[in-house]
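> This structure is in structure tokens; I'll ask about it shortly.
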Amino acid sequence: MSSRYALNVRFLPRSTKLTAAGAALATAAGLLVSAASPSAALEQITSGDTVGDFETVGLTPQGWNVTAPDPNRGVVSTSRAISGTRSLLVEDTSTTAPVSVSRARFYVTPGTTYHAQGYAYSTKGFQSLSLVFYDASGAVVGRSTTPTTGATMVWSRVETHAAAPATATTASIEVSSASASLSQAWWDGVYAIAPAVGNSSFETAPTSTAPVPGWTTAVSGGASLAVTTAQARLGTKSLQVSDATTAGATNVTSALTPVFPNVTHDVRAWVRPTAGSLALTVRWYDRDKSLISTRSVPVAKPLNTWSLASFQATAPSNGAFAAVQVGTTIAGTGSGAWDVAGITPTSGAPVLSYASTGNGEPLDAFNNSNTSGTTVIGGRAKVFTVISGFPSEFQLADLETGKVEVRLPAEGMEVGWGMTVGRDGSIYLGGGGGHLYRYVPGASALTDLGKVTASATTVWDLETGPDGRIWGVSYPKSELWNYDPAAGKVTSLGTVSASHDYARSLAVDGTYAYVGLGSTNPTLMRVALANPASKTQIPFPTSVTAGNVSELELLGRYLEVRTPSGTTSGGTAVASERRLYDTRTGSWDVAANMAAQTPSPLDSKGNFYYLSYKQLWAVDADTGVKTSVAATTMAAGRDRLVVHATLGGVTDDWLLAYDPAGSVAAKGLTTFKELSFGLSFLPTKMRIKSLDSGPNGALYAGGFGGSSLTVVDPATGTRNQYPSTSATATSNSLGEVEGTTANGRFQYIGTYTDGKVFRYDTTQPWVDGTNPKLISVLGPTYKQDRPLAWASAGTRTFFGTIPKYGVLGGALGIIDNETATPRIVSEPVTDQSVVSLAASGNVVYGGTSRWGGLGINPTQPSAKLFAYDASTNRKLWEVAPQAGVEAFGAVAMGPTGTLWAASGPLLFELDPRNGQVLRKVMVYPAPPTTGAVYRNADIVFAGGLIYLAAMDKVYAVDPSTLRVTAAVPSGVSTPRLAVSGSRIYYAAGTQLRSIAWQ
121 MSSRYALNVR FLPRSTKLTA AGAALATAAG LLVSAASPSA ALEQITSGDT VGDFETVGLT
181 PQGWNVTAPD PNRGVVSTSR AISGTRSLLV EDTSTTAPVS VSRARFYVTP GTTYHAQGYA
241 YSTKGFQSLS LVFYDASGAV VGRSTTPTTG ATMVWSRVET HAAAPATATT ASIEVSSASA
301 SLSQAWWDGV YAIAPAVGNS SFETAPTSTA PVPGWTTAVS GGASLAVTTA QARLGTKSLQ
361 VSDATTAGAT NVTSALTPVF PNVTHDVRAW VRPTAGSLAL TVRWYDRDKS LISTRSVPVA
421 KPLNTWSLAS FQATAPSNGA FAAVQVGTTI AGTGSGAWDV AGITPTSGAP VLSYASTGNG
481 EPLDAFNNSN TSGTTVIGGR AKVFTVISGF PSEFQLADLE TGKVEVRLPA EGMEVGWGMT
541 VGRDGSIYLG GGGGHLYRYV PGASALTDLG KVTASATTVW DLETGPDGRI WGVSYPKSEL
601 WNYDPAAGKV TSLGTVSASH DYARSLAVDG TYAYVGLGST NPTLMRVALA NPASKTQIPF
661 PTSVTAGNVS ELELLGRYLE VRTPSGTTSG GTAVASERRL YDTRTGSWDV AANMAAQTPS
721 PLDSKGNFYY LSYKQLWAVD ADTGVKTSVA ATTMAAGRDR LVVHATLGGV TDDWLLAYDP
781 AGSVAAKGLT TFKELSFGLS FLPTKMRIKS LDSGPNGALY AGGFGGSSLT VVDPATGTRN
841 QYPSTSATAT SNSLGEVEGT TANGRFQYIG TYTDGKVFRY DTTQPWVDGT NPKLISVLGP
901 TYKQDRPLAW ASAGTRTFFG TIPKYGVLGG ALGIIDNETA TPRIVSEPVT DQSVVSLAAS
961 GNVVYGGTSR WGGLGINPTQ PSAKLFAYDA STNRKLWEVA PQAGVEAFGA VAMGPTGTLW
1021 AASGPLLFEL DPRNGQVLRK VMVYPAPPTT GAVYRNADIV FAGGLIYLAA MDKVYAVDPS
1081 TLRVTAAVPS GVSTPRLAVS GSRIYYAAGT QLRSIAWQ
């Protein structure tokens, strides 16, 4: 692509410079850029319209007249441009005087319609593009004005058009601001055309050398044509064509008329068929007048009456001219009359305004915590956790009363992972966001101690060292670090392993840190604290190729490790286990081990404990001797904790088993007394992660950070959350909802982890574990985790997935009907996840991310788009429309039958037959990203507009005119859109919001 056409609105790679094309268009239209002789002026701009593109030398826009009372200005700028390197900056900082920048006048023909366009990049306020007509004395006799849309920080096309008044002799293009308001905008590609087809009504008398003056004729196979006065739609003549054979045709092609590249045009002609069918065609040419492509539409209208034949077609990116062609086809026969042919830029959808409405906070978190801890404050035992939410909440409850006494938000952290109690009794917390937080008992707020390292985005584990330092590990770069409470600072020991991003778990003694690494080739690494460069890898009994070491705990001489599940390099499946590693002997062969259960922490006597076979088992952390010490009926719970406290009047070391369903069992480790307590942490609001439409206009919203799904009735505002906040989870309960879609009465739901797929019969009651019915689990066999992308067509439902941590290559799932088990197409695109889908008939179209599961680097240079035929089980095509794209987060079938795809605020229109790119529209120059990118956009169509969710905005893009409006200028938290009725719904943090157009 030419650097002069590296536009923010651009299309096919063969594009030429927009304003250079515009210059040629102005030439053909007979437009003048000065009052000099027409021929001289036309020759000046044929070689390139540097005037309208502002590619001239200096700050003053040459060829333009600037009126800008100080401190306002209208100057050439190099800070941004859609074409080349320069644009016009119009800056109005005064509320008393406007800015006006007018192009030198050009001659016009009264009655002819002229179109002016420009691309505007606004940062504030409104400005306008005008066509101004003047009479011979220089007086204004007409004006057509179009304001900018109000969308900021985007390139939006602005067009205005009008017929030259009867007294007009010249016209000018004007860019202006308003006198009473402030504004700033950059303008580029500003020029005008007059797309008038010569002799469009065939009124010019034929001659012996020009049977249709101004048109080129082609007649073959015995067909014929003639200008006739027998009938006419306008005036007195029309063009009569006759074709009685399938071996020939009659085609009549107009002279070239200018068009706007990339813009949709209306192609039209009146037709009066007398037999068979006819054809209307547009032929596109570049600025060198070389044919680019054609589009022909068969015309079958009522016989012996005038009808309007028309269609819309988008000019190629390098299109500068078009010719209209009327006639017959070689393959068919037909006869009739044509009249009033033409091509003009499409007006597009009407300009809309938008009102945003809040629709409540649909998602309550419930028991969405990953771990818990215990401490003693004021002589009473307390249990604490972090409830996932937006933001997450630190909650602390009194064990005996079950009352939650402390609720403090951890701003910037949605999910908590690591927690530890310092030697001074402070509680330290870490999780998403990469910050370290501290709770001092009695404080009214958490203290944010800051980001632990410059790179950290997640703190995975925290431990308190023997010397009181708080140790932690974080993602990415598998960093090990510590926080010194006395000095109040973090010290980094650097990356534990350059080949691993995940440092997921940690254990520390006075000499070493043990770090669990993943998510590729999971590894246990021992780091010498005195010399962090000294590292020793501890081999697992069986190594797998991907996964994470999610648990590490030092228990005397033993290191408790949860080894990852996965597949060996030889293809053997390995299950996860809790294993004890003897740090003295370097052996994994420890008799005391119980592979199915995580042991408790140490008590004051140096023992750790298991609950099994209705027995309490104690293990001496120094000798490894395991002893059954008491009978017990307590369940193991999710978390086992040890606290020295007084419970029920008895002071002892107590083993606690916490169940998130709302209970804590306690057993004295000396008295063996058993107690039970009710304890339920409180729900908080969750950020909306997924949002999709369902049957009967319902909305399905899933939350980030835990199992949750809420079904909202937009008509009434009522909502039902599944499972309910009081429900007890089962093996078939929902996980974190990644995406859903409706097909008939069924809602299909995909959840994390293990790539679970559910089928929910919306006509029947929700019964946890039964309806929705679990129909597929992709994790064990296909190594998939997140069914993110969904689409349906006919009886088929499709889904696309992101693989597990440390794995490349997603899957395409095909559910053929409501009773079918999903069939899986592994890696429809090599080493890429499937993150967006659209379906039509038997074909599903997919957008990929070049990223796989977290913790493994991509192997492919760019995301791709593909088409797959579910009836023949074959991939039809695969394309990479642009190099370096991280993900195509959205694909959708457009109302005209083309395929649209988005990577953030970059839009592509493609031919669904072969994946050929038809247009490319940079709505906004997206900032560069670091790390994995998956669902970075969403697209829905409504009222002739594309609604694009990208970054924190919703844009309304007119595909015909490329006018861009910010339907939601900020506040969108996840790029997911759902349509219900006449409203478009989106997520703003915990809020469900909607927009209506006016």
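So the sequence shown is numbered by this note's numbering: it starts at 121 and just counts up by one. Idealized CB from N, CA, C, for every residue including glycine.
(1) Quick check: the segment 260 to 267 against the segment 325 to 340, are at least 3 beta-carbon pairs closer than 8 Å?
(2) Let me know the secondary structure DSSP gives Val444 once reduced to three states.
(3) Around the C-beta of Tyr234, are 16 or more other C-beta atoms found within 10 angstroms, so that it is buried, or is it exposed?
(4) Between the C-alpha atoms of Ala1116 and Gly454, what's the straight-line distance to the nearest angstrom?
(5) Could you give the first and the last residue of the continuous alpha helix (DSSP H) run that contains Tyr902?
(6) Hey, out of Phe510, Thr687, Val372, whose CA is closest to Val664's CA?
(7) Considering only the beta carbon of each residue, do Val964 and Ala911 sit closer than 8 Å?
(8) Taking the beta strand (DSSP E) that Val770 belongs to, which residues open and close that run?
(9) Out of Gly914, Arg388, Val628, which one is the CA nearest neighbour of Arg415?
(10) Run the CB neighbour count on Tyr902, radius 10 Å, all protein chains shown included, and call it buried at 16 or more, exposed below.
(11) Going by DSSP, which residues form a beta bridge with Met714?
(12) Just to confirm the assignment, what range does the beta strand (DSSP E) spanning Thr683 have?
(13) Quick one: is Pro1095 buried, meaning 16 or more other Cβ sit within 10 Å of its Cβ, or exposed?
(14) How long is the line joining the alpha carbons of Leu257 and Thr216, rounded to whole angstroms?
(15) By the DSSP assignment, the beta strand (DSSP E) with Thr830 in it spans what residues?
(16) Output yes or no for whether 8 Å exceeds the beta carbon distance between Ser303 and Phe380.
(17) So, for Val274: in the same chain, excluding its five sequence neighbours on each side, which residues have a beta-carbon less than 6 Å away from its beta-carbon?
(18) Could you say which of Val372, Asp308, Leu359 lies nearest to Asp339 if we only look at CA atoms?
(19) Tell me whether Gly817 sits in a helix, a strand or coil according to DSSP, three-state version.
(20) Between the segment 602 to 616 and the segment 938 to 947, do at least 3 Cβ pairs fall closer than 8 Å?
(21) When you compare the CB positions of Ala369 and Ile450, do they come within less than 8 Å of one another, or not?
(22) Please determine, among Pro642, Thr540, Arg906, the residue with the shortest C-alpha to C-alpha distance to Val897.
(23) Could you pull the start and end residues of the alpha helix (DSSP H) that Asp1031 belongs to?
(24) Closer than 6 Å by C-beta to Ser991: which residues in its own chain qualify, once you throw out the five before and the five after it? Chain order, please.
(25) Less than 8 Å between the CB atoms is what I'm expecting for Gly875 and Ala909, so what's the real figure, rounded?
(26) Using the C-alpha atoms, what's the distance from Ala1046 back to Val195?
(27) Please list the segments of the alpha helix (DSSP H) lying wholly inside the segment 636 to 667, counting only runs of 4 or more residues, in order along the chain.
(28) Note down, one range per segment and in chain order, each beta strand (DSSP E) of at least 3 residues found wholly within the segment 961 to 1026.
(29) Roughly how many whole angstroms lie between the Cα atoms of Glu163 and Ala475?
(30) Taking the beta strand (DSSP E) that Thr494 falls in, what are its first and last residues?
(31) Under the rule that 16 or more other beta-carbon atoms within 10 Å means buried, what is Lys924, buried or exposed?
(32) What three-state label does DSSP hand Gly172 in the structure shown?
(33) Who are the near neighbours of Gly452 in its chain, counting only those whose CB is closer than 7 Å to its CB and skipping five residues on each side?
(34) Give the DSSP-derived three-state secondary structure of Ile463 in the structure shown.
(35) Can you tell me the Cα-Cα spacing of Ala325 and Asn424, whole angstroms?
(36) How many angstroms separate the CA atom of Asp709 from the CA atom of Glu673?
In short:
(1) no
(2) In the sequence shown, the residue the question calls residue 444 occupies position 324. Of the three classes helix, strand and coil, the one that applies to Val444 here is strand, per DSSP.
(3) Start at 1 with the first residue of the sequence shown, and residue 234 comes out as number 114. Per the 10 Å Cβ criterion, buried.
(4) The residue labelled residue 1116 in the question sits at position 996 within the sequence shown. The residue labelled residue 454 in the question sits at position 334 within the sequence shown. The alpha-carbon atoms of Ala1116 and Gly454 are separated by roughly 48 Å.
(5) Residue numbering aside, residue 902 sits at position 782 when the sequence shown is read from its first letter. Counting along the chain, the alpha helix (DSSP H) containing Tyr902 begins and ends at 899 to 902.
(6) Against the sequence shown, residue 664 aligns to sequence position 544. Nearest C-alpha to Val664: Thr687.
(7) Numbered from its first residue, the sequence shown carries residue 964 at position 844. Numbered from its first residue, the sequence shown carries residue 911 at position 791. Yes, Cβ-Cβ distance for Val964 and Ala911 is below 8 Å.
(8) Counting from 1 along the sequence shown, the entry for residue 770 is found at position 650. 770 to 779 is the span of the beta strand (DSSP E), which, as asked, contains Val770.
(9) As a working mapping, residue 415 is identified with position 295 in the sequence shown. Nearest option by C-alpha distance: Arg388.
(10) Along the sequence shown, one-based indexing puts residue 902 at 782. That one is buried.
(11) For the purposes of this step, residue 714 is taken as residue 594 along the sequence shown, with counting starting at 1. Met714 pairs with nothing; no bridge assigned.
(12) Looking up residue 683 in the sequence shown gives position 563. Unbroken beta strand (DSSP E) run through Thr683: 678 to 683.
(13) Here residue 1095 corresponds to residue number 975 of the sequence shown, with the count starting at 1. Label assigned to Pro1095: buried.
(14) Residue mapping note: residue 257 aligns to position 137 of the sequence shown, counting from 1. Residue mapping note: residue 216 aligns to position 96 of the sequence shown, counting from 1. The displayed chain sequence assigns Ser, not Leu, to residue 257. Going from the Cα of Ser257 to the Cα of Thr216 covers about 29 Å.
(15) Locating residue 830 in the sequence shown gives position 710, where the first residue counts as 1. From DSSP, the beta strand (DSSP E) with Thr830 extends over 829 to 832.
(16) For the purposes of this step, residue 303 is taken as residue 183 along the sequence shown, with counting starting at 1. For the purposes of this step, residue 380 is taken as residue 260 along the sequence shown, with counting starting at 1. Cβ atoms of Ser303 and Phe380: not closer than 8 Å.
(17) Counting from 1 along the sequence shown, the entry for residue 274 is found at position 154. The residues are Val1043, Tyr1044, Val1084.
(18) Here the question's residue 339 lines up with position 219 in the sequence shown. Before going on, a small fix: residue 339 reads as Val here, not Asp. The candidate whose alpha carbon is nearest that of Val339 is Val372.
(19) What you label residue 817 is simply residue 697 of the sequence shown in a count that begins at 1. In the structure shown, Gly817 sits in a helix (DSSP, three-state: H, G or I).
(20) Contact fails: fewer than three Cβ-Cβ distances are below 8 Å.
(21) Working through the sequence shown from its first residue, we reach residue 369 at position 249. Working through the sequence shown from its first residue, we reach residue 450 at position 330. Taking 8 Å as the Cβ cut-off, Ala369 and Ile450 qualify as a contacting pair.
(22) Position 777 of the sequence shown holds residue 897. That would be Arg906, whose Cα lies nearest to the Cα of Val897.
(23) The residue labelled residue 1031 in the question sits at position 911 within the sequence shown. First-last for Asp1031: undefined, no H or E at that position.
(24) Start at 1 with the first residue of the sequence shown, and residue 991 comes out as number 871. Asn962, listed in sequence order.
(25) Sequence index remark: in the sequence shown, residue 875 carries index 755 (1-based). Sequence index remark: in the sequence shown, residue 909 carries index 789 (1-based). Contact flag wrong, Cβ pair sits at about 12 Å.
(26) Walking along the sequence shown from the start, residue 195 turns up at place 75. Walking along the sequence shown from the start, residue 1046 turns up at place 926. Taking the straight line from one Cα to the other gives about 26 Å.
(27) none
(28) The segment 961 to 1026 contains these whole beta strand (DSSP E) runs: 963 to 969, 985 to 989, 994 to 999, 1010 to 1013, 1019 to 1023.
(29) Looking up residue 163 in the sequence shown gives position 43. Looking up residue 475 in the sequence shown gives position 355. Caution is warranted here: a pLDDT of 24 is assigned to Glu163, below 50, making its placement in the model unreliable, and no coordinate value can be reported.
(30) The sequence position of residue 494 within the sequence shown is 374, counting from 1. 492 to 497 is the span of the beta strand (DSSP E), which, as asked, contains Thr494.
(31) On the sequence shown, residue 924 is found 804 positions in, with the first residue counted as 1. It is buried - the Cβ of Lys924 has at least 16 other Cβ atoms within 10 Å.
(32) Walking along the sequence shown from the start, residue 172 turns up at place 52. Here DSSP, grouped into helix, strand and coil, assigns Gly172 to helix.
(33) Indexing the sequence shown from 1 puts residue 452 at position 332. Contacts found: Thr366, Gly396, Ser397.
(34) If you number the sequence shown from 1, residue 463 lands on position 343. If DSSP states are grouped into helix, strand and coil, Ile463 belongs with the strands.
(35) Sequence index remark: in the sequence shown, residue 325 carries index 205 (1-based). Sequence index remark: in the sequence shown, residue 424 carries index 304 (1-based). Straight-line Cα distance between these residues: approximately 24 Å.
(36) The residue you call residue 709 lines up with position 589 of the sequence shown. The residue you call residue 673 lines up with position 553 of the sequence shown. Straight-line Cα distance between these residues: approximately 17 Å.
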